[in-house]
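Chemist:
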Amino acid sequence: EDQVTQSPEALRLQEGESSSLNCSYTVSGLRGLFWYRQDPGKGPEFLFTLYSAGEEKEKERLKATLTKKESFLHITAPKPEDSATYLCAVNSGNTPLVFGKGTRLSVIA
Amino acid sequence: DTGVSQNPRHKITKRGQNVTFRCDPISEHNRLYWYRQTLGQGPEFLTYFQNEAQLEKSRLLSDRFSAERPKGSFSTLEIQRTEQGDSAMYLCASSPPGQGVKPQHFGDGTRLSIL
Chain A
2 EDQVTQSPEA
12 LRLQEGESSS
22 LNCSYTVSGL
32 RGLFWYRQDP
42 GKGPEFLFTL
52 YSAGEEKEKE
62 RLKATLTKKE
72 SFLHITAPKP
82 EDSATYLCAV
92 NSGNTPLVFG
102 KGTRLSVIA
Chain B
246 DTGVSQNPRH
256 KITKRGQNVT
266 FRCDPISEHN
276 RLYWYRQTLG
286 QGPEFLTYFQ
296 NEAQLEKSRL
306 LSDRFSAERP
316 KGSFSTLEIQ
326 RTEQGDSAMY
336 LCASSPPGQG
346 VKPQHFGDGT
356 RLSIL
């Protein structure tokens with residue numbers, strides 16, 4: 002059974018304080034790993050897809066990386082508007098995504 | 246690209262009543278998914294359509310839940326005889342056709358509260 006574990010559960014940063022979010026996964030055969038951002042009362046917003054170990058994707062202050070066992074979402078010089086819950090999900094060839102519980106990020110000005 | 250649209254945004258009902266939610270996917274997306282999300286958890290898969298065919302259902306989906314996608318366009322999710330444990334956010338997502346794994350794009354959900 003596919004499993005995704007995200008850490009930490011919650012993270013509080015000062016504006017400009019860079020950090021990383023972790024997503025550890027166990028799957029029978031990874032076909033894609035996805036990062037989403039979710040604001041309160043909204044649906045998940047797609048950020049990145051990573052397909053193979055060693056792959057990296059960047060968007061503004063966010064950079065996602067992938068190894069054979071985990072993915073990291075690096076946040077460089079975060080701003081208050083980066084505050085949200087960040088969700089990681091995997092697809093192993095079965096159609097549905099399997100999500101982790103997310104990391105709640107708060108960036109304080 | 247108008248995004249995935251879900252209606253209603255909020256639904257409050259009494260235990261035992263039936264409810265129905267609607268999802269309009271992004272146009273030209275042939276795949277449609279329903280998920281359920283409770284507080285502090287990630288979304289959990291419920292069911293999946295490719296065009297009008299329902300191809301997969303989760304073991305979480307009891308007999309009280311039914312989903313349809315007539316003509317492969319919008320989809321409805323009905324819950325019969327609602328229970329307290331059905332209170333959650335119901336999310337719909339869609340993805341485009343083509344080879345390989347495509348990202349799923351989510352709507353803003355329908356929040357269901359059971360009194």
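First to last, the sequence lines map onto chains A and B. First residue of the first sequence? That's 2 in my numbering, and the numbers climb one at a time after it. First residue of the second sequence? That's 246 in my numbering, and the numbers climb one at a time after it. We treat Cβ as the ideally placed atom computed from N, Cα and C, and that holds for glycine.
Give a yes or no on whether the minimum CB-CB distance between residue 13 of chain A and chain B is below 8 Å.
Modeler: One-based indexing of the first sequence puts residue 13 of chain A at position 12. So no, residue 13 of chain A is outside the interface.
Chemist: Looking at the structure shown, is residue 344 of chain B part of a helix, part of a strand, or coil, going by DSSP?
Modeler: Taking the first residue of the second sequence as 1, we reach residue 344 of chain B at position 99. Three-state DSSP puts residue 344 of chain B in coil, outside helix and strand.
Chemist: Which residue from B:348, B:277, B:333, B:249 puts its Cα closest to that of residue 315 of chain B?
Modeler: Here residue 315 of chain B is taken as the residue at index 70 of the second sequence, counted from 1. Nearest C-alpha to residue 315 of chain B: B:277.
Chemist: Evaluate the contact criterion for the stretch 337-349 of chain B versus the stretch 269-289 of chain B: three or more CB pairs, one atom per stretch, below 8 Å.
Modeler: They touch, by the three-pair rule.
Chemist: Which whole runs of the beta strand (DSSP E) in the stretch 18-104 of chain A are 3 residues long or more, in chain order?
Modeler: Listed in chain order, the complete beta strand (DSSP E) runs (minimum 3 residues) inside the stretch 18-104 of chain A are 20-27, 33-39, 46-51, 57-60, 63-67, 71-76, 85-92.
Chemist: Check the Cβ of residue 92 of chain A against every Cβ in chain B and list those closer than 7 Å, keeping chain order.
Modeler: For this step, residue 92 of chain A is matched to residue 91 along the first sequence. 346, listed in chain order.
Chemist: Among the residues of its own chain, which have a CB less than 6 Å from the CB of residue 225 of chain B, if the five just before and after it don't count?
Modeler: Beyond the ends of chain B as shown, which are 246 and 360, falls residue 225 of chain B; an answer cannot be given.
Chemist: Which residues in the same chain have their Cβ closer than 8 Å to the Cβ of residue 45 of chain A, if we skip the five residues on either side of it in sequence?
Modeler: Position 44 of the first sequence, counted from the first residue, corresponds to residue 45 of chain A. Cβ neighbours of residue 45 of chain A beyond the five flanking positions: 37, 38, 39, 88.
Chemist: Quick one: what's residue 316 of chain B bridged to in DSSP?
Modeler: As a position in the second sequence, residue 316 of chain B is number 71, starting the count at 1. DSSP lists no partner for residue 316 of chain B.
Chemist: Run through DSSP, which three-state label would residue 331 of chain B get?
Modeler: In the second sequence, residue 331 of chain B corresponds to position 86, counting from 1. Looking at residue 331 of chain B - three-state DSSP - the assignment turns out to be helix.
Chemist: Using a Cβ-Cβ cut-off of 8 Å, state whether residue 200 of chain B counts as contacting chain A.
Modeler: Past the edges of chain B, shown from 246 to 360, lies residue 200 of chain B, and the structure says nothing about it.
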